[in-house]
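Asks:
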Amino acid sequence: MKIVDALLGRRRQVRNNLDDLFAIPTAAITLQTAATFQPTGVGAVCFRAVEGSAFAAAEAEIVAVLDNDDDPDLERHVDDYGFTWLVARQDDMSALVTDLHAVNTALEAQGFGPQLLCSLVSFKDSTDRTLALVYLYKQGTFYPFAPQAGEGQRRDNLLEMQVRDLVKNDLPVEADLQKWMPVWGAPGL
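For the sequence shown, the numbering used here begins at 230 and goes up steadily by one.
#1: Flag this pair as yes or no: are the beta carbons of leucine 187 and valine 274 separated by less than 8 Å?
#2: If you reduce the DSSP assignment to three classes, tell me which class proline 254 lands in.
#3: In the DSSP assignment, find the beta strand (DSSP E) that holds glutamate 304 and state where it starts and stops.
#4: Leaving aside the five residues before and after alanine 263 along the sequence, list all residues of the same chain whose C-beta is less than 6 Å from its C-beta, in chain order.
#5: Which residue spans inside the segment 334-403 form an unbroken alpha helix (DSSP H) run of at least 4?
#6: Have a look at the DSSP bridge pairing and note the partners of proline 268.
#7: Using the Cα positions of glycine 209 and lysine 397, report the straight-line distance between them to the nearest angstrom.
#8: Assess contact between the segment 352-359 and the segment 331-343, defined as three or more Cβ pairs (one per stretch) separated by less than 8 Å. Is contact present?
#9: Can at least three beta-carbon pairs, one atom from the segment 316-323 and one from the segment 374-381, be found at a separation below 8 Å?
#10: Give a yes or no on whether the C-beta atoms belonging to glycine 272 and leucine 329 are separated by under 8 Å.
#11: Could you give the distance in angstroms between the alpha-carbon of aspartate 249 and the alpha-carbon of glycine 281?
#12: By DSSP, does valine 326 sit in helix, in strand, or in coil?
#13: Assign valine 316 to one of three DSSP states: helix, strand, or coil.
#14: Kindly list the residues whose CB is nearer than 7 Å to the CB of glutamate 304, restricted to its own chain and excluding five residues on each side of it in sequence; keep chain order.
#15: Ordered along the chain, which non-local residues of its own chain (more than five positions away) have a Cβ less than 6 Å from that of valine 392?
#16: What does the Cβ neighbour count give for proline 425, buried or exposed, with the cut at 16 atoms within 10 Å?
#17: Since alanine 273 sits in a beta bridge, which residues does DSSP pair it with?
#18: Assuming phenylalanine 211 contacts leucine 346 under a Cβ cut-off of 8 Å, what Cβ separation, rounded to an integer in Å, is found between them?
#19: Under a three-way DSSP split, which group does alanine 278 fall into?
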């Protein structure tokens, strides 16, 4: 079957490993010590919302489970492109990653895995440059995204390459640069 798949241009589907999200605190320490980027305490899961009561119930259940006190730690945001973000806020990086993992796992367990696009954790340095470590759900890999400050949608490609080199021992980094999608307007950036 492998030869037929190769001839027809089919690729083996990559399985994500949501447990890779738990490596983000290690990468955060690397970013703090080597590049002075501090976590902002904001992380988010991006997905394509679908119409219907089943999806709405699944999303409401996730928010209810993670917002178990009077101070909401999870909020819903729809960006300019129509994608939905569940935004988590936690001062503790491990707790933040646990919340992101829980959101991904809950959506996946209820059959909405194909709707998941990415998860991210944001960072900022002393000069207010922002950066996100983005987890591509369908690839099972990470990449850095660094928007440039100012007008327009421009990326700081040099910073992205530097961060890639810094965290490549901590995280499975996406090798194909064409899959490093910009996440303009993502929460936390």
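We put the CB at the ideal spot given by N, CA and C, even for glycine.
Replies: To lay it out plainly:
#1: No information on residue 187 is available, as it lies outside the stretch 230 to 418 that the chain covers here.
#2: Here residue 254 is taken as the residue at index 25 of the sequence shown, counted from 1. Proline 254: helix per DSSP, three-state reduction.
#3: Position 75 of the sequence shown, counted from the start, is the residue given in the question as residue 304. Where glutamate 304 is concerned, the enclosing beta strand (DSSP E) stretches over 303-307.
#4: Locating residue 263 in the sequence shown gives position 34, where the first residue counts as 1. Answer for alanine 263: Leu395, listed in chain order.
#5: 386-396
#6: Stepping through the sequence shown from its first residue, residue 268 is reached at position 39. Phe352, per the DSSP bridge assignment.
#7: Because the chain is modelled from 230 through 418, residue 209 falls outside the range shown and cannot be assessed.
#8: Remark: fewer than three beta-carbon pairs, one from each stretch, lie closer than 8 Å, so the segment 352-359 and the segment 331-343 are not flagged as touching.
#9: Contact fails: fewer than three Cβ-Cβ distances are below 8 Å.
#10: Residue 272 sits at position 43 when you count from the first residue of the sequence shown. Residue 329 sits at position 100 when you count from the first residue of the sequence shown. In this structure, leucine 329 lies closer than 8 Å to glycine 272 by Cβ.
#11: Locating residue 249 in the sequence shown gives position 20, where the first residue counts as 1. Locating residue 281 in the sequence shown gives position 52, where the first residue counts as 1. If you take the alpha carbons of aspartate 249 and glycine 281, they lie about 31 Å apart.
#12: Sequence index remark: in the sequence shown, residue 326 carries index 97 (1-based). If DSSP states are grouped into helix, strand and coil, valine 326 belongs with the helices.
#13: Your numbering for residue 316 matches position 87 in the sequence shown. Note: valine 316 maps to strand in three-state DSSP.
#14: Walking along the sequence shown from the start, residue 304 turns up at place 75. Val316, listed in sequence order.
#15: Mapped onto the sequence shown, residue 392 falls at position 163. Closer than 6 Å at Cβ, skipping near neighbours: Pro373.
#16: Residue 425 lies beyond the stretch modelled for the chain, which goes from 230 to 418, so this question has no answer here.
#17: Position 44 of the sequence shown holds residue 273. In the DSSP output, where bridge partners are listed per residue, alanine 273 has Val316 and Leu349.
#18: The structure shown does not extend to residue 211, since the chain spans only 230 to 418, so no value can be given for it.
#19: Taking the first residue of the sequence shown as 1, we reach residue 278 at position 49. Coil.
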